[in-house]
């Protein structure tokens, strides 16, 4: 059985991935610095002998030697590299930090891997690299589109450069690589501040605002994939040793307006929003072509959005009841 290291293991996707890998029988070393991840996301793995956690800031130069030592001593075969600064509002407020830190983190991870016996690197990129796509649903062959005038594309740029680092280092080292272009995952454990993802942010506004606010006119679309589905698909890709670029997401598209209406219905609230100005250079549509994913993983049934949203609402209502805040 391969030994695995997960960067960003305490984050939203990272924690579910770590649990999924351990449930599948893999021993896992998790690395995180808790910038966005939370210790409680990994509490189900307390005292689990198949899991070891190491706190480390992968943006620091001295992490390369430390990470290399871990990869060697733990005889790591596969690295899942998820660690990154994420959250759309970060892209606007701290664009330079997002760009610099994410590039540094991936560079350091690949430097460490290049001096180890790792056999495969799996990197979570983002649908953001497609920019304002000209093809919907968007295939992996679609060119990367970045707008140098758009602060929000700092994240997309960092992920695109990360793809180059992963591919070039891996090819030079002659190890396998898989780059997952992730489309809007959702589920429990998402960051629920203004620097988090859209669904918990909408839920928070509904629970805390006197009158719900929606950024833009609501016509922008996204495609949301429930976290359990994503992890099942990633594990299937891992077991089949898939390489190259693969879109990871649910191709069912929904507008932000319809998403907000659905959340209000599920939470038994009246829908009377205030529409705020759209953020500069916001992307208007996101929908993956999952033909390549489906060719490797025939079981591509997805959790219905309504069912997934009910789980997320229940999670945040529990947090609210426990702490009196969301």
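Numbering (my numbering), first residue to last: 19 to 344.
Beta carbons are placed, not taken as given, at the ideal position from N, Cα and C, and that holds for glycine.
Closest by C-alpha distance to residue 67, out of 79, 76 and 40, is 40. Residue 325 carries a helical assignment under DSSP once its states are collapsed to helix, strand and coil.
Secondary structure at residue 315: coil, using DSSP grouped into helix, strand and coil. Under the criterion of beta carbons closer than 8 Å, residue 52 and residue 28 qualify as touching, at roughly 6 Å.
If the five residues before and after residue 235 are omitted, its C-beta is found closer than 8 Å to the C-beta atoms of 275, 293 and 296, all from its own chain and listed in chain order.
Around the Cβ of residue 313, a 10 Å sphere holds fewer than 16 other Cβ atoms; the residue is exposed.
Note on residue 215: 16 or more other CB atoms within 10 angstroms of its CB, so buried under the neighbour-count rule. In the three-state reduction of the DSSP assignment, residue 203 falls in the strand class, which pools E and B.
Residue 249 sits in a helix when the DSSP states are folded into three classes. One Cα belongs to residue 302, the other to residue 340, and the distance between them is close to 37 Å.
In the three-state reduction of the DSSP assignment, residue 111 falls in the helix class. For residue 46, the enclosing beta strand (DSSP E) stretches over residues 46-50. One thing to note: residue 249 has its Cβ no nearer than 8 Å to the Cβ of residue 330. Of the candidates 32, 321 and 99, 32 places its Cα closest to the Cα of residue 207. Taking C-alpha positions only, residue 164 is separated from residue 227 by approximately 34 Å.
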